[in-house]
Amino acid sequence: MKVRQCSKGKSMYKVLIVENNPTITKLLSHFFQSEGCDIRLADDGLQAMSVLESFIPDILFTDIIMPKISGDVLCRIARHTPKFKDIFIVIYSAIAYEDEKQIFELEADLYIAKGPSDTIRNHIRHVLDQFRSGKRREDVIHGKEDLYPRSITKELLLSRRHHHVMLENLADAVIEMNSMGQIVQANRAAQELLSIDLTSLLSSRLTDHLTGTEFNLVEQWFAQVSTGGLPQFRSSYDSPLSAGKHQVVLKLVRIAERDEFFIIAILQDITAHKVTEGKLVKTVHEFNAVMESIGYGVLFMDSDLRARIANRAFREMWGIPDKLLARYPTFRDLLNFNRYNGIYDVPEEKFDKYLDQREAAIITGGSAPEEFHRKDGLVYQYQCVVLPDGGRMLTYFDITKHKNTQAQLAETLKEVHELANRDALTGLPNLRMLQERFFSTLSISKRKDWKAAIMFIDLDGFKGVNDTYGHIA
């Protein structure tokens, strides 16, 4: 920062001149000094922000197009910062004439188009007269006499506005920094992400607003950035940096410009993704816990019939080791694993054909529940279900006990039927069976209009046998 003392005997006004052209800076300083003003100089908006921390001028005399923080940004900051609200702002710019429609949005008090150097003294006198008079917000461009609009300047301004609109409407936070790591520009998304207004954000350092396990890598990159040849930096998604309450992925790019360089930072807010991811992980863990606890086998496969999830019951049913599942085997691989383990009641010469049939059935789609009989006697109820993503879910219920119970029940019912309809000693049909057969025959003959006959056979001596062996003594 440079300081120029005012001349004696003149009214002292504090003036901050922001101009990056050394020749123009020297002329402005000279003429303001000759009018008795206390002068502070800044080469760009970033230096001006630093000066404003300890020096609040009566008049801010600034150019628009400057490196680092531009004049229009500086004006907006001054207009929206309470302690700077009374500063008399003067725009002195070569683009004032070509940008006449938009330049008044800056809410400056006086607008002057840069012209020949011999007009500077008169412009400064007009600035001081206007300041003393108390007139503010004069939407008139002075000094445009003998000036002509330049089409190239209009085109550059239009391009500049387009880039500004695009930058302000990006979803990702974009921050520009000088070679010292100080923030000189930040779009709206960056301000919202960091929850800091532009005034507070400018001239601060990005590292002031970040924390996280990989923060030391960010610091290392900034420490080496001046050496040149440094690759772009990108933080990890798995270990994101923190910006306040937000989780972010940071990308840093060094861009050389003549003898200097600047840094672009892009911060992608992944907070919502991480929250959703966390919920999904929790759901998956809960799902896996449920799958591991259920008593029937379940196998999930992708659309290419590779195993994705196999629960504990499935692994135990088929003796599948975890190391095999870790390789994401195909359904065919799983069947082949037990080819020689005595599970499938299929001859070896027909096993490949059996594999083709089982695989084709699953590819075809879902199936109704069917029974699968293992060679060792176990019986599974098997079903294939097509999933929305094109994968398959296979379920295996061990119904061996159920089938055994059914067989036992059928045998018991048969025995009960025999006891009810046959003589316990001889096994011959008894009177109950005679009645059942008789009434059944009558019913059929009536329905079909048949004739029926009954034959009685007398067994001689049967009473003696029955009396001897068929009654309790």
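Sequential numbering from 4 applies to the sequence shown in this note's numbering. Don't be surprised by glycine CBs; every beta carbon is placed ideally from N, CA and C. Note that the structure is a prediction, hence the values are computed from the model and not measured.
| Check | Outcome |
| --- | --- |
| Residues near ILE258 by beta carbon distance below 7 Å, same chain, minus five either side | PHE264, PHE265, ILE267 |
| Neighbourhood of ARG335 by C-beta, 7 Å cutoff - its chain only, sequence neighbours within 5 removed | LEU358, GLU362 |
| Cβ separation of ASP75 and VAL21, assumed to be a contact under 8 Å, to the nearest whole Å | Incorrect: roughly 11 Å between the Cβ atoms, too far for contact. |
| Runs of beta strand (DSSP E) wholly within the segment 335-391 (minimum 3 residues, chain order) | 373-376, 382-389 |
| The segment 298-316 contacting the segment 325-343, beta-carbon criterion three pairs below 8 Å | yes |
| Alpha-carbon spacing of THR398 relative to GLY369, whole angstroms | 11 Å |
| GLY281 to GLY184 span [Cα, whole Å] | 34 Å |
| Residue closest to GLN271, alpha-carbon to alpha-carbon, out of ASN24, ALA246, MET52, VAL287 | ALA246 |
| For ALA268, three-class secondary structure by DSSP | strand |
| Three-state class that DSSP yields for HIS145 in the structure shown | strand |
| As assigned by DSSP and simplified to three states, the class of ALA246 | strand |
| Segment contact, 8 Å Cβ cut-off, at least three pairs: the segment 198-210 with the segment 176-190 | yes |
| Beta-carbon proximity check, ASP112 vs ILE144, cutoff 8 Å | no |
| Buried or exposed (CB count within 10 angstroms, at least 16 for buried), ASP47 | buried |
| Beta-bridge pairing of GLU263 - partner residues as DSSP gives them | GLU260 |
| Simplified DSSP assignment, three categories, for ILE312 | strand |
| DSSP-derived helix/strand/coil call for ARG7 | Reliability of the predicted coordinates at ARG7 is poor, the pLDDT of 44 falling under 50, and no value is obtained from them. |
| Those runs of the alpha helix (DSSP H) which lie wholly inside the segment 40-128 and span at least 4 residues | 48-55, 74-82, 103-106 |
| N- and C-terminal bounds of the alpha helix (DSSP H) containing THR216 | Per DSSP, THR216 belongs to no alpha helix (DSSP H) and is neither H nor E. |
| Straight-line Cα distance separating LEU31 from LEU197 | 38 Å |
| Cut-off 7 Å between Cβ atoms - residues of its own chain near ASP470, not counting five sequence neighbours on either side | none |
| Euclidean distance between Cα positions of LYS29 and CYS40 | 14 Å |
| Same chain, Cβ closer than 6 Å to HIS376, five either side skipped, listed in chain order | VAL382 |
| Residues near ARG425 in its chain [Cβ-Cβ closer than 8 Å; skip 5 each side] | LEU431, PRO432, ASN433, MET436 |
| PHE236 versus SER229 - alpha carbon distance | 14 Å |
| Check whether LEU2 and PHE64 have beta carbons under 8 Å apart | Examination of residue 2 is not possible in this model, given that the chain is present from 4 through 476 alone. |
| Which of helix, strand or coil DSSP assigns to PRO432 | strand |
| Straight-line Cα distance separating GLY215 from ASN341 | 50 Å |
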